[in-house]
Amino acid sequence: MALAVAAHTPGSGTPAPPPSSSRKRRPILLVLLLPGLAWLGVFFLVPIFTLLGTSTQSPAPSGEIGAFVQTFSFGNYGRVISDYHEQFVRSFVYAGLATVLTLLIAYPLAYMIAFKAGRARNLLLVLVVAPFFTSFILRTVAWRQILADQGFVVSSLKFLHLIPQGATVTASGVAVVAGITYNFLPFMTLPLYASLERIDPTLIEAGGDLYGNGFAVLRKVTFPLSLPGVVAGTLLTFIPAAGDYVNASLLGNTRTQMVGNVIDSRFFRVVDYPTAAALSFVLMAAILVLVFLYVRKAGTEELV
Amino acid sequence: MSIIDLRGPVPTSTPAPDRPRRRFSPARSRRWLRAHGLQLYAVVAFAYIFTPIAYVMVFSFNIPARSNIAWRGFTLANWENPCGAPEVCNAVGNSLKIGLSATLIATVLGTMIAFALSRYRFRGRTSTNLLIFLPMATPEVVLAASLLTLFLNLKVPLGFVTIVIAHVMFCISFVVVAVKARIAALDPRLEQAAADLYATEFETFRRITLPLLAPGIAGAALLAFSLSFDDFIITNFVSGNVNTFPKFVYVSAQRGIPAQAYVVGSFMFLLAMTIVLVVEAVRWRRSVKK
Chain A
1 MALAVAAHTP GSGTPAPPPS SSRKRRPILL VLLLPGLAWL GVFFLVPIFT LLGTSTQSPA
61 PSGEIGAFVQ TFSFGNYGRV ISDYHEQFVR SFVYAGLATV LTLLIAYPLA YMIAFKAGRA
121 RNLLLVLVVA PFFTSFILRT VAWRQILADQ GFVVSSLKFL HLIPQGATVT ASGVAVVAGI
181 TYNFLPFMTL PLYASLERID PTLIEAGGDL YGNGFAVLRK VTFPLSLPGV VAGTLLTFIP
241 AAGDYVNASL LGNTRTQMVG NVIDSRFFRV VDYPTAAALS FVLMAAILVL VFLYVRKAGT
301 EELV
Chain B
305 MSIIDLRGPV PTSTPAPDRP RRRFSPARSR RWLRAHGLQL YAVVAFAYIF TPIAYVMVFS
365 FNIPARSNIA WRGFTLANWE NPCGAPEVCN AVGNSLKIGL SATLIATVLG TMIAFALSRY
425 RFRGRTSTNL LIFLPMATPE VVLAASLLTL FLNLKVPLGF VTIVIAHVMF CISFVVVAVK
485 ARIAALDPRL EQAAADLYAT EFETFRRITL PLLAPGIAGA ALLAFSLSFD DFIITNFVSG
545 NVNTFPKFVY VSAQRGIPAQ AYVVGSFMFL LAMTIVLVVE AVRWRRSVKK
């Protein structure tokens, strides 16, 4: 979110090159940087290594619950991949589907705010982030209630015979994807808006003057120019969505579990730290690889 | 209206010949739709965005029972007595304390880094930027799991302190990004003018730079607070027995959430909306005056 907030702040496009620091200013620089970087070093970087360390431990010979010894058993990784590949695949499929859906929902909205909203722009942007002002968990619970079998939405759909009489919407994969889509919509809309807003409207007019119809102009002019926003928005949606387990646990059932659910239950219900750590590490590595491939592809013209 | 016309047959009712503009025709409706379709779409999209928020607000007025699922009737009781469910107030109190502490620390540390990155060129600048970016690009559950392994290995007792540590960690990056953008948007001539008027570097910073950046820093702090207050996944991993508001709602979702939690959700929403809209209105009036 902050990425997008930062991106549409006026003037952020051309940062002046900072002056090189003279010898005299070194101490100031260190005072400015050290506390924050130390915090990130100790509580972000070091934990990645303790996570790696924990992931290769084995249960202590004493058999005590929650006691583990370092055995460098990298076999944990093979085991978690073979045991939980289903949850991994599901996490990426759900996150991918939700990312595509948020893109489809957010693009016209961001386009409208950028080009057709006039003075109401800022107000509409506030409305886009409005869901952040209520609790994320509460919103998700609200959807569960709204989509409940006896709720208004499902009973109307049944009345109209749009879904079969016995159908349930909640406690399903559909509900999980819908929940993720809803919860991450602002993460997609803001960066899309930021890049659409920068497009020179005369370029779009030029597309029309060259006899491009609405769709052709969108495909050949607007969308390519908004690509940075598309890439930023899809990453900001996909990465947290792949690790999310709140939607899966509040809106899903036992057959819609994602990796996050397994990590949570391995840590707190089963007290099996090595497995949980290995799962987290694989999740991080898989996301890094996917993001790397995606950014490389998006960097070239391939994506369009 | 037009959508219906577009699909349905052309209305046969003959229009007054002297006012052909009022006539509905498929071409006209198509033109209307082309001009206003996006606006129409936005209305639907915002209705979707606000559906669960409206639900939370409406159900904050529900007559309380063990759970808050079926509508039982309108009452103001929950709003008059939000501590009627004591766990809710306790959890909100913890969330506020954690949010304020984490916001204060993260805003100071993040603003300092933002200054260093915008005003100095130094070796390791790229790696610093990467270190700032990485926590934002890592799924929460991974941040949570790795921090938990750190605390478990060092045998740090989980609780208030570990929650604040974790929240500061993920808030710093957002503060840096937000404040850096504001610094980049500053007009460098203002600081040059101060220097021309013989202000020392520190005076320039205190009397020109900091006041100009204050709204940006305040915005970053607000962002940090809302991230902290609303965080569930990381908090859930490192909180031990300490209850926070999101954790309380998540845990009680299984057996029934008291209506007072909906009051808290609605109140936070209204408060934040009011702040943002007032700021927006002030900014708008200023821009009109200019």
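These protein sequences, in sequence, are chains A and B. Residues 1 to 304 in this note's numbering are what the first sequence lists, from first letter to last. Residues 305 to 594 in this note's numbering are what the second sequence lists, from first letter to last. Positions of the beta carbon are idealized from the N, C-alpha and C atoms, including for glycine.
So that I know if they touch, is there some Cβ in chain A lying closer than 8 Å to that of residue i?
i              : result
I373 (chain B) : yes
E444 (chain B) : yes
I538 (chain B) : no
N545 (chain B) : no
A525 (chain B) : no
At a CB-CB cut-off below 8 Å, which residues of chain B make contact with residue i?
i              : result
T99 (chain A)  : Chain B residues near T99 (chain A): none, gap ~14 Å exceeds 8 Å.
A130 (chain A) : I353, F354, I357, F573 and M577
Considering Cα atoms alone, identify which of the options is closest to residue i.
i              : options                           : result
L526 (chain B) : B:A369, B:T411, B:P390 and B:A420 : B:T411
D200 (chain A) : A:F223, A:I137, A:P186 and A:Q57  : A:F223
F184 (chain A) : A:E197, A:F132 and A:Q87          : A:F132
G75 (chain A)  : A:Q57, A:L196, A:Y294 and A:Q87   : A:Q57
M361 (chain B) : B:A346, B:R370 and B:T379         : B:T379
C475 (chain B) : B:V567, B:L438 and B:G560         : B:L438
T202 (chain A) : A:L34, A:F281 and A:V221          : A:V221
A171 (chain A) : A:M284, A:N253, A:I163 and A:R198 : A:N253
T54 (chain A)  : A:F44, A:S73 and A:V42            : A:S73
A369 (chain B) : B:A389, B:L514 and B:P443         : B:A389
L490 (chain B) : B:F529, B:G414 and B:R423         : B:R423
F43 (chain A)  : B:F529, B:T466, B:I512 and B:V580 : B:T466
G63 (chain A)  : A:M284, A:A194, A:D272 and A:L279 : A:D272
P562 (chain B) : B:S333, B:A524 and B:C387         : B:C387
How would you label residue i, buried or exposed, when you count the other beta carbons within 10 angstroms and need 16 or more for buried?
i              : result
L531 (chain B) : buried
G66 (chain A)  : exposed
L3 (chain A)   : Confidence in L3 (chain A) is poor, its pLDDT being 39 and thus under 50, which makes the residue's placement unreliable; the coordinate value appears in the next sentence. The residue in question, L3 (chain A), is buried, as its Cβ has 16 or more Cβ neighbours within 10 Å.
L127 (chain A) : buried
A418 (chain B) : buried
F68 (chain A)  : buried
S399 (chain B) : buried
T442 (chain B) : buried
I579 (chain B) : exposed
P240 (chain A) : buried
Name the chain B residues whose beta carbon is nearer than 7 Å to that of residue i?
i              : result
R198 (chain A) : Under the 7 Å cutoff, chain B gives no residues; its nearest Cβ is about 14 Å from R198 (chain A).
A242 (chain A) : P443
V69 (chain A)  : None at all; the shortest Cβ gap to chain B is about 12 Å.
Between the C-alpha atoms of residue i and residue j, what's the straight-line distance to the nearest angstrom?
i              : j              : result
L356 (chain B) : R427 (chain B) : A small correction: the amino acid at residue 356 (chain B) is Pro; Leu does not occupy that position in the sequence shown. Spanning the two alpha carbons is a distance of roughly 48 Å.
S91 (chain A)  : Y211 (chain A) : 44 Å
L434 (chain B) : S477 (chain B) : 10 Å
G259 (chain A) : Y294 (chain A) : The sequence shown places Val at residue 259 (chain A), rather than the Gly named in the question. About 21 Å.
I353 (chain B) : A420 (chain B) : 38 Å
V100 (chain A) : L218 (chain A) : 18 Å
A178 (chain A) : L251 (chain A) : 9 Å
A488 (chain B) : R425 (chain B) : 14 Å
S570 (chain B) : A381 (chain B) : 14 Å
R590 (chain B) : R121 (chain A) : 16 Å
S431 (chain B) : R510 (chain B) : 29 Å
S21 (chain A)  : L30 (chain A)  : Residue placement at S21 (chain A) is flagged as unreliable, the pLDDT there being 47, under the threshold of 50; the coordinate-derived value follows with that caveat. Approximately 11 Å between the Cα atoms of the pair.
I538 (chain B) : L124 (chain A) : 30 Å
L501 (chain B) : L33 (chain A)  : 29 Å
V542 (chain B) : G233 (chain A) : 29 Å
F136 (chain A) : P59 (chain A)  : 36 Å
A470 (chain B) : V479 (chain B) : 15 Å
M305 (chain B) : V348 (chain B) : For M305 (chain B), the predicted structure reports a pLDDT of 36, less than 50, and the residue's modelled location is therefore unreliable. The matter cannot be settled from this model.
Residue i touches chain B at which residues, Cβ-Cβ below 9 Å?
i              : result
T237 (chain A) : Chain B residues near T237 (chain A): none, gap ~12 Å exceeds 9 Å.
S156 (chain A) : Within 9 Å Cβ-Cβ: nothing; S156 (chain A) doesn't reach chain B, min ~14 Å.
V271 (chain A) : Near V271 (chain A) there are no residues of chain B at all, since even the closest Cβ is about 10 Å away, more than 9 Å.
K297 (chain A) : Here the premise fails: no neighbours, minimum Cβ distance about 17 Å.
Taking 8 Å as the threshold (beta carbon to beta carbon), is residue i in contact with chain B?
i              : result
R139 (chain A) : yes
V126 (chain A) : yes
L190 (chain A) : no
P224 (chain A) : no
S280 (chain A) : yes
S135 (chain A) : yes
P108 (chain A) : yes
L162 (chain A) : no
Y294 (chain A) : no
Y94 (chain A)  : no
K220 (chain A) : no
Going along chain A in order, which residues have a C-beta closer than 9 Å to the C-beta of residue i?
i              : result
F365 (chain B) : Per Cβ cutoff of 9 Å: no residues; F365 (chain B) is ~14 Å from chain A at best.
Using a cut-off of 7 Å between C-beta atoms, extract the partners of residue i located in chain A.
i              : result
G377 (chain B) : Here the premise fails: no neighbours, minimum Cβ distance about 17 Å.
Under a CB-based cut-off of 8 Å, is residue i close to chain C?
i              : result
I469 (chain B) : The structure shown contains no chain C; its protein chains are A and B.
Could you work out which residues of chain A lie near residue i, taking near to mean beta carbons separated by less than 8 Å?
i              : result
L264 (chain B) : Here chain B covers residues 305 to 594 and nothing more, so residue 264 (chain B) does not appear.
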